[in-house]
Structure formats: structure tokens, C-alpha cells
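Okay, structure coming up:
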């Protein structure tokens with residue numbers, strides 16, 4: 084009930100690929116397509132995924148939402164697959180499919196019986212380069228995406244506010260744009276916009292095949308060669324480096340009030356080191372910091388604000404550091420009805436200052452370590468979790484070996500590492516503090 | 007869930023993943039021969055599927071007639087409040103002591119209250135199993151309900167209720183239940199109300215534990231790295247000290263009342279959220295499998311369903327539309343929902359109704375039925391490829407008396423459904439004139455009573 088959801092980052096700057104997290108195998112096809120196999124023979128089932136190393140952060144200025152829009156359009160049709168039939172074929176073969184887009188990646192997947200793997204590999208390879216769209220598809224699907232945006236973002240004040248906070252965190256980096264796109268720009272997306280993006284980026288040398296389940300690398304290699312290896316590499320597909328984020332020199336505050344808001348909420352986000360930005364060696368210590376500060380009912384923030392002082396009904400932290408660009412470290416709290424948001428903010432600032440001044444205890448460190456290492460075991464219980472972890476990590480620039488040796492990195496983190504990471508990240512000039520309230524805030 | 011959450015943050019999916027909406031639980035590799043019934047020395051019964059490949063154990067347990075249906079009217083939300091407090095101190099451990107113990111051992115223990123049932127989920131590394139099961143037993147039999155956690159959890163629940171009063175989907179859900187069931191316990195929100203939650207005292211919470219969490223209403227599923235013999239001792243540690251009998255609730259069957267038609271609730275937002283439903287079937291109804299196939303084609307089959315085709319794919323009126331069968335202990339429901347922009351809400355509503363009407367009148371063609379069966383049978387093993395998920399399946403098999411061989415029998419049950427069966431259950435369920443619907447938003451051209 085009081086449990087808070089914790090993000091977990093699985094990255095380490097160096098590491099040996101010994102007995103690993105998932106015991107994944109990997110190889111690269113001649114055309115440059117990377118392949119990762121995560122064997123799990125508990126059931127005759129596979130999760131088949133293709134991840135493209137590009138996402139909303141790679142969109143041209145003024146075309147926000149095109150990566151996600153294209154993702155929708157990939158279900159329309161090719162020369163071989165009639166419009167709308169992709170998912171129907173998967174379903175008629177007892178599978179299910181979907182796709183998702185983030186800032187750094189676009190991914191497509193099917194979950195299906197082992198003996199149908201070849202079918203979906205053929206279909207997925209086909210739509211990597213043979214997409215056929217007509218104007219009607221584009222107009223109807225754009226309406227669907229606009230409805231999606233209303234449902235996710237615009238139907239609640241919190242949805243819209245979150246987008247504003249994110250935009251304020253970045254001065255010019257494209258991570259400040261919403262993955263789904265700004266409404267005004269989605270409305271103008273055209274068939275040409277989508278196809279230009281598709282032709283430029285959808286290519287085997289910009290893609291990663293990940294298969295988890297009842298399969299081995301030896302099984303998969305000939306199939307991967309047959310279906311994906313036969314697609315020529317596109318020499319022009321190189322995804323450009325993301326723009327630099329200039330130095331942040333002033334703390335920002337984002338405030339809004341809305342009569343539809345029932346309860347005031349407070350949050351702060353800091354730019355943070357990630358696997359692709361700043362010091363990647365800080366990512367594991369930042370996982371610890373997130374656990375110790377805000378990971379559930381025994382964390383410092385929950386204990387101080389919710390249990391001991393009773394000034395908040397919830398409080399916690401998250402850290403997101405598997406990305407090409409800046410990561411973020413977040414803190415949040417919901418003030419108690421009889422408390423005020425300034426007191427909550429002051430108490431959180433005091434907790435941060437205390438960690439920097441006095442460090443963390445051995446008990447806290449070991450509790451966090453136990454939890455992080457156990458997460459690695461529990462993660463193996465889900466077929467798709469491993470596939471997602473690899474897709475997320477590899478599209479952020481992490482290697483398979485680094486993912487596999489993440490538990491080693493967790494074992495090495497010291498109390499000093501955690502404090503050093505706190506000192507580096509908790510810099511108010513690199514933060515946005517945001518308050519959404521029912522009434523005007525001062 | 008930390009891994010998944012980290013990875014899903016910021017993602018935008020092609021389709022909303024509708025989770026937890028259906029009781030038609032799939033079963034992966036739980037082959038019929040694999041399920042073992044384990045009876046502990048003290049008589050605690052559990053179904054076990056051994057899975058040695060990951061050093062962990064997953065337990066799913068439910069107590070029937072212990073959900074919000076057991077809340078006294080003035081104490082609505084009692085079961086839910088208990089679910090938030092069982093891990094907040096018991097025996098010699100106060101709230102922080104108990105939580106730290108769980109964290110130190112990486113034990114995942116949580117409780118939840120639904121409408122009909124109260125449930126427990128336990129996941130532990132095999133190495134810590136003895137202590138994990140003992141702690142679960144302590145939480146169930148010696149909860150402290152100290153003042154500090156009781157008031158803290160109460161504040162959290164009250165905050166959640168206040169928030170949901172401003173959430174269009176939550177508003178729709180509460181309104182639908184209230185209209186459908188009135189004063190019946192099914193008409194009340196599981197979380198209770200601001201007034202009822204404020205009225206719940208520690209003695210009420212203790213009454214719940216003493217009267218509801220008994221062994222006669224308990225169903226247990228276990229999957230993981232544990233032998234039947236070892237499990238016996240663990241079961242006794244967790245459940246052996248529970249009272250033998252719960253206090254009978256004396257609640258009979260129920261059905262949706264006379265309320266029907268559309269109710270529009272004004273909410274200032276750009277989109278209208280619809281929730282619609284009709285009386286459905288209980289899980290033991292002989293037509294249940296036919297109804298499940300019928301619904302799969304109409305609104306349960308994701309991208310392949312008629313409602314998705316007509317409302318989303320052809321017209322772009324929504325991002326997500328769905329329907330599902332919801333069997334409950336005292337009745338069944340057929341429910342569905344969609345969100346659409348206010349200015350197109352009337353069109354979406356009309357297309358929705360027309361699609362249902364056409365389907366109820368003409369039924370599916372042979373190809374659609376064959377595809378649906380192939381999908382349902384093929385997808386069945388996919389949906390539970392985790393220990394945690396299969397533990398839930400083992401509970402469902404016992405709860406609905408489906409038998410250990412259900413996994414093997416299920417394809418036959420689905421394949422036996424004919425077009426005539428589908429038409430029969432469509433006529434039985436899809437009575438548009440009797441449909442109850444709520445729309446929360448500012449739909450243009452739609453008013454209450456339409």
C-alpha cells in the first residue's frame with residue numbers, strides 16, 4: 084500500500100561478463116544488426132523484439148511526435164501484408180503484439196509460441212524496409228494519436244503539468260519535448276514527414292534484434308541471417324549526436340493551480356549523470372541514493388516526512404539514468420492536508436543536506452544493496468523484462484557485457500560513492516521544482 | 007516492479023495495455039500433470055507448481071468473501087484499509103521494524119482488497135523462504151494496528167479518495183457501480199468514502215482479521231523453487247494459525263438494478279470517458295466459454311476486435327476501446343469503455359451502439375470465429391510465463407473449481423463454441439436497451455437519458 088515504485092538502473096562503466104544477470108548471448112549480423120538472445124526455457128514461448136536506435140529526441144525541430152506517429156503507421160501494411168493485417172496475423176497465430184516509443188528508441192514486439200517465431204521474424208523484417216502508406220491511413224491514424232494525447236496528457240491537469248515540468252528541465256536538449264509530440268505539431272504531421280523519417284532511420288544497421296524465451300543463439304542465428312541479414316545496410320542512416328545541453332545557471336520553479344486538482348503535489352527533478360551523459364560511474368551509486376532516500380517505507384524521505392513528522396502523506400525518489408542524454412533524479416511528496424508545501428520542501432532539503440554532510444549508514448547501504456540484487460533475480464521471472472532491459476540499455480549505448488555484470492557493480496558501491504553522487508547531483512541550479520495545487524501558490 | 011517501471015517510464019504505446027480487467031486467466035506451462043496438491047501437517051491446502059530454474063518462490067493467496075463486500079455500510083473501505091496495514095507492524099515488530107525486516111531479506115509481501123476477495127502476494131528468494139513465510143504468518147495473525155500507522159494509512163487513503171474524485175475514469179467507475187447496484191455492497195467503492203474511512207477504528211480492523219481471514223475461505227497457489235515437503239512447513243508457518251472458520255456473510259446473488267441508459271456527468275476536459283455495461287455471466291455459467299469467445303470478437307481481442315476496427319481503425323475516434331467479461335461471486339458483468347474527444351463523442355457513441363447492435367443481430371462469420379479461437383488458444387500459454395502469474399492461475403483454478411486438468415481441457419472448450427452459441431449468448435447479453443452507461447466529460451450532443 085505504502086510501497087513506492089522504484090526505478091532501477093542497471094549500468095556500470097566497466098565489468099566482466101561472468102555469470103551474469105540473464106546469461107544472454109549476442110552476435111552481430113553482417114549488415115550491422117545487433118542480436119541479443121536471452122534463453123529462458125520454462126515455457127515454449129518467445130518474446131521477439133526489434134529496437135531502433137532512435138526516438139523522439141531525434142525528431143526534426145517542428146516535427147515532434149513523428150517517431151511515435153511512424154510507430155503507429157508501421158502497423159498499416161507492406162506489399163506482402165494488407166493494411167491492418169499485421170496484428171491480425173499475429174493474433175490468428177495465437178500471439179499478441181504491440182510497439183512503444185521513447186526518447187531514445189522505438190521498439191516493436193510480438194509474444195508468440197516458439198514454433199511461430201519464424202513467421203513474426205519474416206513479418207518484422209518485411210516492415211523494416213517495405214512499408215506502404217496511403218494518405219487515408221495517415222489522416223485516420225493521426226486522429227488516433229491525437230486521441231491518445233488527450234487520454235494520456237490532456238485529460239488531467241497532472242498530465243499537462245508533467246509535460247511542462249519536463250520542458251522546463253532542459254534549456255535546449257530535445258529530451259524536453261513530449262514523446263507523443265505537441266498537439267499543434269502532431270496535427271500537421273504528414274505522410275511525407277513519416278516516410279522521410281522511416282527511410283532515413285529504419286535499417287538493420289540501426290536496429291537491435293532481441294529474442295527472449297525458448298531459444299538459443301545457435302537456433303536463432305540462421306533465422307536472423309535469413310530474415311534480417313538479407314536486408315542491405317543503409318550507409319546513410321547514422322543517427323546524429325544529440326545537441327549539447329548548455330550549463331544550467333539558475334534554478335527553475337514551475338507552478339500551476341487548477342480547480343480540478345484535489346491535492347497539492349510537490350516534486351523536484353535534477354539533471355543527473357546517466358550512462359550516456361556526465362560520469363557514468365555515478366549511475367550505480369545514484370541507484371543506491373534513490374533507494375536510500377526514497378525507496379519505500381523504510382527510506383529517509385518517507386520516514387522523515389510521512390512517519391516522523393507527519394507533514395506528508397507520501398514521499399519518495401526516483402532515478403532514471405539509462406539514456407543517451409542527461410538522466411534525471413526526482414524527488415516527490417504529497418503534503419498532508421493540514422501541512423503546507425513550504426514545510427515539505429524544507430524537510431526534503433534538510434534530508435538532502437544531511438546525506439551530503441553526514442553520509443549514509445552501513446545498514447542503509449546494505450539494505451539498498453540487498454534490494455537491488457534481489458531485483459535482479461526477481462526480474463528473471465518475466466520473459467519480457469529482460470528483453471526490455473537489454474533494449475533500453477543497448478539503445479542508450481551500454482554493452483551486453485555491462486548489463487550482465489551489473490550485480491558486480493552493485494556489490495562494489497561504497498557509502499562514499501553514494502555521498503559523492505549526492506553532492507554531484509543535488510545542485511539546485513540544475514533543477515526544476517514544481518508545485519501543482521488546487522489554488523494559487525505564492 | 008522496479009525494472010519494468012524504469013523502462014516503461016516515458017514510453018508511449020501504440021495501444022493501452024489493458025491489464026487486470028479480465029478473470030479469464032491464461033495458464034502457461036502449467037501442464038496438468040505438473041500441479042501438485044500439498045496438504046500441510048496442520049491441514050493447510052495449496053496447489054504447487056515446482057519451478058527450480060530461478061531461486062525464488064511466488065505465493066498467491068485469496069480469502070473469499072473478504073473483499074469490500076464484507077464491509078459494513080458505515081465502515082466501507084475497511085477491507086482495503088486492512089490491506090494497507092498488515093505490513094505496518096505485527097508481533098514484536100513495529101511498523102518500521104517490520105518493513106526493515108522485509109527489506110533486509112528482500113521479501114516482497116503485499117495485500118490487496120478487491121470487491122469479493124482479499125488477497126496476499128508473497129515473493130521471496132528461496133534462501134529466505136522460512137523467514138518470509140513466518141513474517142507473512144505474523145502479519146496475518148498478530149497485526150498491531152498501532153495508532154501511528156493507522157492514522158498514516160488513513161491519511162493516504164483519504165488523499166487517494168480525494169484524488170479519484172477528480173479523475174474522469176475513476177468518476178465514471180464509481181458512478182457506474184452506484185447506478186448499477188445502489189445500496190448493495192457492490193455499489194460501494196472498495197476504498198470507501200471520506201466519511202466511512204474516517205469512521206474506521208482499530209477494533210473494526212481487528213474484527214475484520216478475526217472474522218474474515220480464516221482457513222475455510224482461503225485458496226493458495228505456490229510456484230517456484232520449493233519441494234512439496236518443504237512447502238508443508240512453510241504453509242503452516244504462514245497460514246497454520248489462522249482461525250478455522252470465517253463468519254458467514256449471508257449475502258446472496260445480486261444483479262444490476264433497473265438503472266439503464268446514458269448518464270452524462272460534466273467534467274471540464276477535452277475528452278469524454280465512457281463506461282458501459284450489461285449483466286454478464288458468473289464463471290460457472292454453462293455459457294461462460296461461449297460468452298468469452300463472443301466478447302473476444304466484439305471488444306476483447308485488442309487490435310482484432312470489431313469495436314477497435316470500427317471506432318479506432320476506420321474512424322480514428324479513440325485510442326483505446328475494449329470490452330470484457332467480469333465474473334463476480336454474486337453475479338457477472340459485461341463491461342466496456344472508451345475515451346474520445348468531446349466534439350466527436352456523439353459519433354463514437356453511435357458507432358459503438360451500432361456495432362454492438364449489428365453484431366448481436368448477425369453474429370460473426372466463420373473466419374472471424376476461427377481466428378478468435380486460434381488467438382484465444384494460442385495466446386493462452388503466453389499470458390502467464392512468470393512464476394508470479396502462474397501462482398495466480400493456480401488460485402483461479404481452485405476458486406472456480408476448474409480442476410488440475412483445465413489447462414489441457416481449455417482448447418477443447420474454446421473450440422467447441424459454435425456460431426450458434428455465439429449468437430445465443432450475444433442475444434442473451436448484448437441487450438442495448440438495457441445497457442447502462444456513464445459519460446464523464448463535456449460531450450457535444452449527448453445528454454443524460456439518451
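Chains as they are written, first to last, in the working numbering: chain A, 84 to 525; chain B, 7 to 456. Positions of the beta carbon are idealized from the N, C-alpha and C atoms, including for glycine. These numbers come from a predicted model, not from an experiment.
Contacts that residue i makes with chain A (C-beta to C-beta distance below 8 Å)
i	result
residue 151 of chain B	Chain A residues near residue 151 of chain B: none, gap ~14 Å exceeds 8 Å.
residue 120 of chain B	In chain order: nothing, as chain A lies at least about 14 Å away.
residue 154 of chain B	390
residue 173 of chain B	239
Start and end residues, alpha helix (DSSP H) containing residue i
i	result
residue 55 of chain B	Taken as a continuous stretch (DSSP letters only), residue 55 of chain B belongs to no alpha helix (DSSP H), being part of the beta strand (DSSP E) at 51–56.
residue 169 of chain A	168–175
residue 277 of chain B	Segment 277–285 is the beta strand (DSSP E) holding residue 277 of chain B; no alpha helix (DSSP H) there.
residue 363 of chain B	351–368
residue 451 of chain A	445–461
residue 309 of chain B	Neither: residue 309 of chain B is in no alpha helix (DSSP H) and is coded neither H nor E.
residue 210 of chain B	208–218
residue 484 of chain A	483–487
residue 146 of chain B	135–147
residue 239 of chain B	234–245
residue 447 of chain B	Counting along the chain, residue 447 of chain B falls outside any alpha helix (DSSP H), though it belongs to the beta strand (DSSP E) covering 442–447.
residue 500 of chain A	498–508
DSSP bridge partner residues for residue i (one or two, in chain order)
i	result
residue 69 of chain B	B/124 and B/224
residue 151 of chain A	None, per the DSSP bridge assignment.
residue 328 of chain B	B/343
residue 117 of chain A	A/111 and A/291
residue 515 of chain A	A/335 and A/352
residue 372 of chain A	Its beta-bridge partners do not exist; DSSP assigns none.
residue 204 of chain A	Answer by DSSP bridge pairing: none, since residue 204 of chain A is not bridged.
residue 64 of chain B	B/129 and B/229
residue 155 of chain B	Residue 155 of chain B pairs with nothing; no bridge assigned.
residue 338 of chain B	B/333
Within chain B, the residues that residue i reaches when beta carbons sit closer than 8 Å
i	result
residue 422 of chain A	Neighbours of residue 422 of chain A on chain B: none; closest Cβ ~10 Å, over 8 Å.
residue 170 of chain A	308, 309 and 310
residue 454 of chain A	109 and 112
residue 195 of chain A	384 and 388
residue 224 of chain A	322
Continuous beta strand (DSSP E) stretch holding residue i: start and end
i	result
residue 419 of chain A	Here residue 419 of chain A belongs to no beta strand (DSSP E), and DSSP marks it neither H nor E.
residue 296 of chain B	No beta strand (DSSP E) holds residue 296 of chain B; the alpha helix (DSSP H) holding it covers 294–301.
residue 132 of chain A	128–135
residue 230 of chain A	Where residue 230 of chain A is concerned, there is no enclosing beta strand (DSSP E), although the alpha helix (DSSP H) it sits in stretches over 218–232.
residue 193 of chain A	189–196
residue 181 of chain A	179–184
residue 43 of chain B	41–45
residue 267 of chain B	267–272
residue 479 of chain A	Taken as a continuous stretch (DSSP letters only), residue 479 of chain A belongs to no beta strand (DSSP E), as it is neither H nor E.
Per-residue contacts from residue i into chain A (C-beta, under 9 Å)
i	result
residue 345 of chain B	230, 233, 234 and 238
residue 59 of chain B	123, 124, 125 and 463
residue 62 of chain B	457, 460, 461, 463 and 464
residue 102 of chain B	380, 381, 386 and 390
residue 351 of chain B	Correct list: empty, because the minimum Cβ distance to chain A is about 11 Å.
residue 158 of chain B	85, 389, 390, 393 and 396
Cross-chain neighbours of residue i in chain A, by beta carbon under 7 Å
i	result
residue 165 of chain B	346, 396 and 417
residue 161 of chain B	396 and 419
residue 105 of chain B	380 and 381
Contact list for residue i against chain B, beta-carbon separation under 9 Å
i	result
residue 174 of chain A	307, 308, 309, 310, 377, 378, 380, 381, 384 and 385
residue 358 of chain A	What residue 358 of chain A touches in chain B: nothing, since even the nearest Cβ is about 12 Å away.
Using Cβ-Cβ distances below 8 Å, what residues of the stretch 123–143 of chain B are close to chain A? Cβ contacts with chain A come from 129 and 131.
Name the residues in the stretch 263–292 of chain B whose C-beta lies less than 9 Å from a C-beta of chain A; which are they? Answer set for the stretch 263–292 of chain B: 273, 274, 275, 276, 277 and 279.
Residues of the stretch 372–401 of chain B whose Cβ lies closer than 7 Å to any Cβ of chain A, in chain order: So the close ones are 377, 380, 381, 383, 384, 385, 387, 388, 391, 392, 393 and 394.
Complete alpha helix (DSSP H) runs within the stretch 76–117 of chain B (minimum length 4 residues, chain order): List check, alpha helix (DSSP H) in window: 84–91 and 101–111.
Looking at chain A, which residues of the stretch 306–333 of chain B have a Cβ within less than 9 Å of any of its Cβ atoms? Flagged, chain order: 307, 308, 309, 310, 315, 318, 319, 320, 321, 322, 323, 324, 325 and 326.
Going residue by residue through the stretch 389–424 of chain B, where are the continuous alpha helix (DSSP H) segments of at least 4 residues, counting only ones entirely within it? The qualifying runs are 393–405 and 412–421.
Please go through the stretch 281–363 of chain A and give each complete beta strand (DSSP E) segment of 3 or more residues, from N-terminal end onward. Counting only runs of 3 or more, we get 290–296, 335–340 and 348–355.
Taking beta-carbon pairs under 7 Å, can you tell me which members of the stretch 461–489 of chain A lie near chain B? The stretch 461–489 of chain A vs chain B, Cβ under 7 Å: 461, 462, 463, 464, 465, 466, 468, 471, 472 and 475.
Residues of the stretch 363–395 of chain A in Cβ contact with chain B at a cutoff of 8 Å, in chain order, please. The stretch 363–395 of chain A vs chain B, Cβ under 8 Å: 379, 380, 381, 386, 389, 390 and 393.
What ranges does the beta strand (DSSP E) occupy inside the stretch 379–429 of chain A, keeping only unbroken runs of at least 3 residues that lie completely in it? For secondary structure counted as the beta strand (DSSP E) over 3 or more consecutive residues, the stretch 379–429 of chain A holds these complete runs in sequence order: 395–403 and 410–418.
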